[in-house]
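Since the structure comes first, as structure tokens, the remarks are kept for the end.
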Amino acid sequence: MHEIARNPLLGLHLLELTALVEEFGQPSYRARQLFEALYRQRVETAEQISTLPQDFRRSLVERGFSVGLPGIDKKFASSDGTVRYLVACADGQTVETVWMPEGDGGESGDGSEADAQTEAAGRAWERATICVSSQVGCAVDCQFCLTALLGVKRNLTAGEIVGQVCAVLNDQKVSPPQERVNLVFMGMGEPFLNYDNFMQAVRLLVEGVGIPETRMTVSTAGITPRIYDLGAEAVRPKLAISLNASNDAMRSRLMPINRKWNLERLISAARDFPLRTREKLTFEYVLLHQVNDSVENARELLELIRGVRAKVNLIALNPGPGIEFQTPAQDRVLQFRHILMAAGVPAFVRRPRGRDIYAACGQLKRTVEMAPAS
Ligand code: SAH
């Protein structure tokens, strides 16, 4: 059973914590101590916050404030090193969070920090990526996505988004910023339909947990107005756009959200996006056998994104029950990539991770929920 946390402290920013400690008649430096304990030490209970006086800790708990991370309900380790977590919120809802040592083969794959430090630390990985969820389920209804089949249950709070990262870091015994961790907001849900909580989580992850914004990537199905909002943020992750089609007819069929914000509007937003020095936008393109994977589609895609400073991440469909599409053969994937590369567009094929543990998008939760009750 999960006890409902009435007033979780995880998710509050330094300013909010400052107001809180002052309400308790405590000096404001206590807020900084609380902030460090929550995000840098990632404590699991109020008793662990040894920097705070005992009576203050006690009165926090008495007044219904709770300290703690989301629980890990289930954990599956793949032979390729991927670990997939089913993380439980206080109300019993679960989301997926995935640990991928060596990244996902697509984001930040510059390899620049593959150095002796790693070996000295005795670790098996040089950098790891955590794939984070933003909602319980998803409302966007992309036809190839397993999370879509769940529908949307609710938004995650900022604390629950940060909490996934903290729970996985603790389980893996990893501490940023000393150890290099990337985040991709590519788990369950559409981050831009939970924009405020998502952005609050980003700020806490940067300032509290210590993961640089440049090591974070948020992926959107194309909620165009929020792309402009993200561009205006002082602190923000890199942007990835799930394109998945090379023309409107195809995209509207695969991603109904395209009927609301079509390719013209989406690509305009991409063109207007204020990139930092050396930053590139990412277009993701899930390849579906004989649907969007032809030579013509690759050429059409090139035309569509011409002039945008971007790379393309190609993902061969991860198939699953209830999905009517097939995975293209490897030579079709490579041919598609080749056409993009030959035109000067950097394109990468994302390697499927943890297939043996149903690590494709939304698969774990769905597999667990469909299994007969034991
Ligand atoms: N809602 C956001 C983030 C979650 S999906 C978005 O749409 O971008 C993250 C990525 O996984 C997207 O690029 C999406 O197109 C891709 N994806 C979804 N289902 C997939 C599947 N079955 N196989 C491969 N990639 C998939």
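Take 964 as the starting number for the sequence shown in our numbering and just add one per residue. C-beta: ideal position from N, C-alpha, C; glycine also.
C-beta neighbour in chain D for residue i, strict 8 Å
{"i": "C1052", "result": "The chain labelled as chain D is not found in the depicted structure, where only one protein chain is given."}
Cα-Cα separation between residue i and residue j, rounded to whole angstroms
{"i": "R1005", "j": "F1155", "result": "26 Å"}
{"i": "S1215", "j": "L1206", "result": "11 Å"}
{"i": "E1025", "j": "E1007", "result": "17 Å"}
{"i": "V1030", "j": "V1099", "result": "22 Å"}
{"i": "E999", "j": "Q1289", "result": "47 Å"}
{"i": "G1317", "j": "V1125", "result": "23 Å"}
{"i": "K1201", "j": "Q1141", "result": "21 Å"}
{"i": "D1235", "j": "G988", "result": "48 Å"}
{"i": "V1137", "j": "E1266", "result": "43 Å"}
{"i": "R1222", "j": "G1283", "result": "25 Å"}
{"i": "A1292", "j": "A1310", "result": "17 Å"}
{"i": "L1109", "j": "H1252", "result": "17 Å"}
{"i": "V1308", "j": "V1258", "result": "15 Å"}
{"i": "S1022", "j": "E1123", "result": "24 Å"}
{"i": "I1204", "j": "L1015", "result": "44 Å"}
{"i": "L977", "j": "R995", "result": "7 Å"}
{"i": "A1197", "j": "V1169", "result": "12 Å"}
{"i": "T981", "j": "G1171", "result": "14 Å"}
{"i": "K1038", "j": "K1243", "result": "34 Å"}
{"i": "S1075", "j": "E986", "result": "Reliability fails at S1075, whose pLDDT of 36 lies under 50, so the model's placement of it is uncertain and no value is given."}
{"i": "M1162", "j": "R1003", "result": "19 Å"}
{"i": "N1255", "j": "L1146", "result": "28 Å"}
{"i": "Q1017", "j": "E1010", "result": "8 Å"}
{"i": "V1271", "j": "F1019", "result": "54 Å"}
{"i": "R1199", "j": "V1165", "result": "7 Å"}
Residue i CB to nearest heavy atom of the ligand SAH below 7 Å
{"i": "T1183", "result": "yes"}
{"i": "S1042", "result": "no"}
{"i": "C1052", "result": "no"}
{"i": "V1103", "result": "yes"}
{"i": "S1205", "result": "yes"}
{"i": "F1107", "result": "yes"}
{"i": "V1099", "result": "no"}
{"i": "I1302", "result": "no"}
{"i": "N1281", "result": "yes"}
{"i": "I1230", "result": "no"}
{"i": "E1059", "result": "no"}
{"i": "E986", "result": "no"}
{"i": "V1249", "result": "yes"}
{"i": "E1153", "result": "yes"}
Beta carbon of residue i nearer than 8 Å to that of residue j
{"i": "C1105", "j": "M1218", "result": "yes"}
{"i": "L1264", "j": "S1209", "result": "yes"}
{"i": "P990", "j": "Q1127", "result": "no"}
{"i": "P1139", "j": "I1174", "result": "yes"}
{"i": "V1249", "j": "F1107", "result": "yes"}
{"i": "E1247", "j": "I1278", "result": "yes"}
{"i": "I1230", "j": "I1190", "result": "no"}
{"i": "P1064", "j": "A1040", "result": "no"}
{"i": "F1148", "j": "V1181", "result": "yes"}
Same chain, Cβ closer than 8 Å to residue i, five either side skipped, listed in chain order
{"i": "E1153", "result": "S1097, Q1098, C1101, A1102, V1103, T1183, A1184 and I1186"}
{"i": "L1167", "result": "G974, H976, Y1002, A1121 and V1125"}
Closest Cα partner of residue i within the set the options
{"i": "T1120", "options": "L972, V1271, M1304 and A1197", "result": "L972"}
{"i": "T1177", "options": "P1315, R1239 and N1160", "result": "R1239"}
{"i": "D1054", "options": "Y992, N1118 and D1018", "result": "N1118"}
{"i": "A1273", "options": "T1245, R1295, D1256 and R1300", "result": "T1245"}
{"i": "M1135", "options": "R1047, A1111, A1009 and F1019", "result": "Met is not the amino acid found at residue 1135; the sequence shown has Gln there. For Q1135, the nearest C-alpha among the options comes from R1047."}
{"i": "A1111", "options": "I1286, P1315, M1304 and R1314", "result": "I1286"}
{"i": "E1089", "options": "V1254, S1042 and V1144", "result": "V1144"}
{"i": "C1281", "options": "D1294, M1304, V1271 and R1314", "result": "Per the sequence shown, residue 1281 should be read as Asn rather than Cys. It is R1314."}
{"i": "D1192", "options": "D1159, T1180 and L1167", "result": "D1159"}
{"i": "A1232", "options": "P1188, R1199, I1220 and R1241", "result": "P1188"}
{"i": "A1130", "options": "E979, V1061, L975 and S1013", "result": "V1061"}
7 Å CB neighbourhood of residue i in its chain, flanking five on each side removed
{"i": "N1225", "result": "D1211"}
{"i": "T1057", "result": "D1036, L1049, V1050, A1051 and K1328"}
{"i": "F1028", "result": "N970 and L972"}
{"i": "P1237", "result": "G1194"}
{"i": "V1312", "result": "L1277, V1296 and R1300"}
{"i": "R1262", "result": "I1302"}
{"i": "N1157", "result": "S1097, Q1098, N1118 and L1119"}
Close beta carbons around residue i, own chain, < 6 Å, minus the five adjacent residues each side
{"i": "N1260", "result": "S1209"}
{"i": "G1150", "result": "E1059, C1094, V1095 and S1096"}
{"i": "G1044", "result": "P1064"}
{"i": "V984", "result": "R993 and A994"}
{"i": "N1133", "result": "R1005"}
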